[in-house]
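Peer 1: The working numbering applies: residue 152 is where the sequence shown begins, and numbers increase by one. The C-beta atom is built at its ideal place from N, Cα and C for all residues, glycine as well. Keep in mind the model is a prediction, meaning the values are calculated, not measured.
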Amino acid sequence: GAETQQQQQVQQQMEHAAAAAAAELASDMPFGGASAAALAVELGAAAMVECMETGEMPWGGACPIRRPSQESLTRQMRAALRSIWARAQDLGRAKFTGLALARMLAGLASPAVPASTWKGSSEWGRLAATDFRLMAEVGEQVVGEYWEQHQEAQAQAGQLRQRGAAA
């Protein structure tokens, strides 16, 4: 009766308030509200993981944080690394790690990836709405592979130079 109707109205008001708070939070956040860090603060880590797994926010609507397949993310990160490889080589292996690549793609500055240097890159913040922990894991693999390929290419070039000098 009347009590059930009142409970439904209170529930609707709470849902509306939560949606309004989420919209306000999203308007203050970069990338259209798709900041994993801000969502983690707002929801708590467990709720954020659930949001990414279900694809829905607790108050309704789609979760703005994507968790792509590892294969898809690996392809995206390899493409990004190809486009910035010359600049990454200038930083050197000690500074340009998988974490540095993940931070750059998330648009998060650090000493290894200063915003002043990288913000002009088309890759800066390109994957800001992607699960950062997954990006860091995949980034270590992708960057490690690139550095190994780079070392092998340098070794082959050195061998060719030696053969040319000996001839």
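Counting pairs of beta carbons, one from the region 273-283 and one from the region 251-262, are three or more of them closer than 8 Å?
Peer 2: Verdict: yes, contact present.
Peer 1: On the three-state DSSP scale, how would you describe residue 281?
Peer 2: Counting from one through the sequence shown, the residue named residue 281 turns up at place 130. Reduced to three states, the DSSP call for residue 281 is strand.
Peer 1: State whether the region 282-292 contacts the region 221-231, with contact taken as three or more CB pairs (one from each stretch) at a distance under 8 Å.
Peer 2: Counting Cβ pairs under 8 Å, three or more are found: they touch.
Peer 1: Give the secondary structure of residue 153 by DSSP, where H, G and I count as helix, E and B as strand, and everything else as coil.
Peer 2: Reading the sequence shown from its first residue, position 2 is the one you call residue 153. DSSP places residue 153 in helix when its eight states are reduced to three.
Peer 1: What is the residue span of the alpha helix (DSSP H) that residue 268 lies within?
Peer 2: Within the sequence shown, the letter at position 117 stands for residue 268. That run of the alpha helix (DSSP H) goes 266-269.
Peer 1: Does the Cβ of residue 204 have 16 or more other Cβ atoms within 10 Å, making it buried, or fewer, making it exposed?
Peer 2: Against the sequence shown, residue 204 aligns to sequence position 53. Exposed: under 16 other Cβ atoms inside 10 Å.
Peer 1: If you drop the 5 nearest sequence neighbours on each side, which residues of the same chain put their C-beta closer than 6 Å to that of residue 229?
Peer 2: Here residue 229 corresponds to residue number 78 of the sequence shown, with the count starting at 1. The residues are 293.
Peer 1: Helix, strand or coil for residue 274 per DSSP?
Peer 2: Position 123 of the sequence shown, counted from the start, is the residue given in the question as residue 274. If DSSP states are grouped into helix, strand and coil, residue 274 belongs with coil.
Peer 1: Ends of the alpha helix (DSSP H) at residue 233?
Peer 2: Position 82 of the sequence shown, counted from the first residue, corresponds to residue 233. It spans 221-242 - the alpha helix (DSSP H) in which residue 233 sits, taken as one unbroken run.
Peer 1: Helix, strand or coil for residue 175 per DSSP?
Peer 2: The residue you call residue 175 lines up with position 24 of the sequence shown. With a pLDDT of 45 at residue 175, under the threshold of 50, the predicted position of this residue should be treated as unreliable, and no value is reported.
Peer 1: Between residue 262 and the rest of its own chain, which residues show a CB-CB distance below 6 Å, the 5 nearest in sequence each way excluded?
Peer 2: Here residue 262 refers to the residue found at position 111 of the sequence shown. Here the set comprises nothing.
Peer 1: Identify which residue in 225, 153, 310 and 270 has its Cα closest to the Cα of residue 249.
Peer 2: The residue labelled residue 249 in the question sits at position 98 within the sequence shown. The shortest Cα separation from residue 249 among 225, 153, 310 and 270 belongs to 225.
Peer 1: Taking residue 271 as the reference, give the member of 247, 238 and 284 with the closest Cα.
Peer 2: By one-based count along the sequence shown, residue 271 stands at place 120. Looking at the Cα atoms, 238 is the closest of the given residues.
Peer 1: For residue 231 versus residue 296, is the C-beta distance shorter than 7 Å?
Peer 2: Locating residue 231 in the sequence shown gives position 80, counting from the first residue. Locating residue 296 in the sequence shown gives position 145, counting from the first residue. Going by C-beta atoms, residue 231 is not nearer than 7 Å to residue 296.
Peer 1: Can you list, in chain order, the residues of its chain whose CB lies under 7 Å from that of residue 253, leaving out five sequence neighbours each side?
Peer 2: Within the sequence shown, numbered from 1, the residue matching residue 253 stands at position 102. Taken in chain order, the residues that qualify are 283, 286, 287 and 290.
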